[in-house]
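The sequence shown begins at 1 in full-length UniProt numbering and counts up one residue at a time.
Every residue, glycine too, gets a C-beta built ideally from N, C-alpha and C.
Encoded as structure tokens, the structure appears first; notes follow it.
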Amino acid sequence: MSLNRVILVDVLSVLFGISSWIAVNGVWTQTPLLVQRLPEQWNLTSYVVMIVQLANIGPIVYSILKFKYSLKAVEKPCIHATLLIGSVACLLLALFWDKITVINGSKHSVAFLTLTALLAVVDCTTSVLYLPFMAHFKSKYLASYLTGQALSGLIPSLLAFAQGASDNPECITSTDTHEVYPKYPEPRFSVGVFYGCLLCLVVLSWLSFVLLNRMSRCRKEWVLYSKKSADFKGRASDRTVSTGSDVSSSDASVDSSPESCGHKSDQKLNTEPYEQTISRRTFIALLLTQAYICSLTNGLLPSIQSYSCMPYGNTAYFLAVNISSIVNPISCLIAFYVKPKWIIATLPGAIGLGTVCAIYAMVTAVLSPTPPLQHTGTGRALIVLTWVGIAGLFAYSRACIATVLRNNTAGAGHKSLFFCGVFTQIGSTVGAVIIFISTSPCS
1 MSLNRVILVD
11 VLSVLFGISS
21 WIAVNGVWTQ
31 TPLLVQRLPE
41 QWNLTSYVVM
51 IVQLANIGPI
61 VYSILKFKYS
71 LKAVEKPCIH
81 ATLLIGSVAC
91 LLLALFWDKI
101 TVINGSKHSV
111 AFLTLTALLA
121 VVDCTTSVLY
131 LPFMAHFKSK
141 YLASYLTGQA
151 LSGLIPSLLA
161 FAQGASDNPE
171 CITSTDTHEV
181 YPKYPEPRFS
191 VGVFYGCLLC
201 LVVLSWLSFV
211 LLNRMSRCRK
221 EWVLYSKKSA
231 DFKGRASDRT
241 VSTGSDVSSS
251 DASVDSSPES
261 CGHKSDQKLN
271 TEPYEQTISR
281 RTFIALLLTQ
291 AYICSLTNGL
301 LPSIQSYSCM
311 PYGNTAYFLA
321 VNISSIVNPI
331 SCLIAFYVKP
341 KWIIATLPGA
351 IGLGTVCAIY
361 AMVTAVLSPT
371 PPLQHTGTGR
381 ALIVLTWVGI
391 AGLFAYSRAC
401 IATVLRNNTA
411 GAGHKSLFFC
421 GVFTQIGSTV
431 GAVIIFISTS
441 PCS
């Protein structure tokens, strides 16, 4: 990994990546509080799952726009639009999350569900929009973005932990009926304040995106895209040979191709150190692997985690969830300091070991409430290590796949990362459908 980095670009890339899935992750962390206060109660999670899957209309619409119009015409406006929608939706949720609408005599959380749908559309679209945008930068900054993306799950969890959203209820016995009922502790701050915090993070991410595009120091870390060769060509800052001019200081836009820069197109542009050409077969295999990983991490496994962990106790469940959130961004960082030749060597092992962990997690969920080694310290340690392994190994694998696709000169990094985002959503949807069919009662 090249040490010739601009820390400012790393920081802004992390902040930009934080907004990718922070809103939907925030909804899930607030579930313990929302089900107590909204009329849908425990059916609320089913509504949210359905909304997230229907939100894939966002990536479909963007894909149509991308192929109908030029990339330059739609990419940046769409990113600004998604960040605007996300900011407005978080603001409205902070104000109106608990507003109830009566429809045909039944109470419904129309405001919450509608605004959650908007956030879901935004977050689903980031897979095919934000990730490919990072291909405009040198590949070494892709790690920073993916670290920010991983933090989009960790930060809401930390906020919810500080809020006390996951605190255990206290069993209270009624003095009149002698019935026992749970009394949930009041959170340290409300759901509205939580969404206010998310709003601040989304706005900060939006500002980071603007700076990545506007600051001259950041623009120097962009790469030039040649439509003719379908390759991304690196700038001179990573090499000792000069391209003859500083594009960022000229009137030419960094979005333009070398041919649009006059005689500069006749000069040899520097390629990035780790650019490589992968075969079509390898390209398809990587995309299918990405879909497979996301079908597990975004579809199948989240739905069964409570069944897998809870029989081992609240402590084991708490550790599995929270340590996994910490390991996720760390794994992304590790992937960026692995040399390209080691990525290819370690990727199959990481996926294989992650699959073994996933199988064990599924076995414990199927055998719940009496999974193996239930009342032993070994069983508790094993289930925590299993879920931490799933998070770490698959996060590392996704980062490695993104790095290889970004450095693919045959299909251009931007195009490769776009398809990576598409297959991310396909895999997530397939996994969610499979678990929905598997857990639905037979008619």
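Taking the continuous beta strand (DSSP E) assigned at residue i, which residues delimit it?
i: V35; result: First-last for V35: 31 to 37, but that is the alpha helix (DSSP H), not the beta strand (DSSP E).
i: V338; result: Neither: V338 is in no beta strand (DSSP E) and is coded neither H nor E.
i: K107; result: 106 to 108
For residue i and residue j, which I take to be in contact (beta-carbon distance under 8 Å), what is that distance rounded to the nearest angstrom?
i: I293; j: G427; result: 7 Å
i: L159; j: C420; result: Wrong, their Cβ atoms sit about 29 Å apart, outside the cutoff.
i: L115; j: L92; result: 5 Å
i: I51; j: V202; result: Actually they do not touch by this definition, with Cβ atoms about 19 Å apart.
i: I18; j: S144; result: The pair is not a contact, with the Cβ atoms about 11 Å apart (cut-off 8 Å).
i: L34; j: C78; result: 30 Å between Cβ atoms; not a contact.
i: F96; j: A111; result: 5 Å
i: S324; j: V363; result: With a Cβ gap of about 18 Å, S324 and V363 do not count as contacting.
i: D123; j: V193; result: Contact flag wrong, Cβ pair sits at about 21 Å.
i: Y312; j: Q374; result: 6 Å
Check this for me: beta carbons of residue i and residue j, under 8 Å apart or not?
i: residue 469; j: I435; result: The requested residue 469 is not part of the displayed model; the chain covers only 1 to 443.
i: I383; j: A320; result: yes
i: P156; j: T355; result: no
i: S416; j: L347; result: no
i: S205; j: L83; result: yes
i: S13; j: G105; result: no
i: K107; j: P39; result: yes
i: L8; j: S208; result: no
i: C218; j: L211; result: yes
i: A432; j: Q53; result: yes
i: I141; j: E221; result: The sequence given here places Tyr at residue 141; Ile does not occur at that position. Yes, they are a contact pair.
i: A395; j: C332; result: yes
i: F133; j: E75; result: yes
i: A55; j: A150; result: no
i: Q305; j: T424; result: no
i: L287; j: A358; result: no
i: G26; j: A94; result: no
i: G379; j: P369; result: no
i: A381; j: N328; result: no
i: R406; j: S139; result: yes
i: A345; j: T386; result: no
i: L113; j: I326; result: no
i: T126; j: S20; result: yes
i: L146; j: A316; result: no
i: L118; j: A89; result: yes
Going by DSSP in three states, residue i sits in which element: helix, strand or coil?
i: K138; result: coil
i: C442; result: In this prediction, C442 scores a pLDDT of 49, lower than 50, which makes its location untrustworthy; no coordinate-derived value is stated.
i: W222; result: strand
i: L15; result: helix
i: I172; result: strand
i: T370; result: coil
i: L115; result: helix
i: R235; result: With a pLDDT of 42 at R235, under the threshold of 50, the modelled position of this residue cannot be trusted, and the question is left open.
i: A345; result: helix
i: E40; result: coil
i: S20; result: coil
i: V61; result: helix
i: R5; result: coil
i: E186; result: coil
i: T243; result: The predicted model places T243 with a pLDDT of 34, which falls under 50 and marks its position as unreliable, so this point remains unresolved.
i: N25; result: helix
i: residue 444; result: With the chain running from 1 to 443 in the structure shown, residue 444 is simply not present.
i: A89; result: helix
i: A143; result: helix
i: A55; result: coil
Starting from residue i, trace the alpha helix (DSSP H) both ways and give me its first and last residue.
i: I100; result: Element bounds for I100: n/a, residue is neither H nor E.
i: G164; result: Per DSSP, G164 belongs to no alpha helix (DSSP H) and is neither H nor E.
i: S70; result: Run containing S70: none; DSSP gives neither H nor E here.
i: W206; result: 191 to 214
i: V388; result: 377 to 406
Quick one: is the Cβ of residue i within less than 7 Å of any heavy atom of the ligand COA?
i: M362; result: This structure does not include the ligand COA; it has no bound ligands of any sort.
Are any of the Cβ atoms in chain B nearer than 8 Å to that of residue i?
i: I60; result: Absent from the structure is chain B; it holds one protein chain and no more.
Requested in this report: Could you pull out every unbroken alpha helix (DSSP H) segment of at least 4 residues lying fully inside the stretch 267 to 331, listed in chain order?
Outcome: The DSSP assignment places complete alpha helix (DSSP H) segments of no fewer than 4 residues inside the stretch 267 to 331 at 280 to 294, 301 to 309, in order along the chain.
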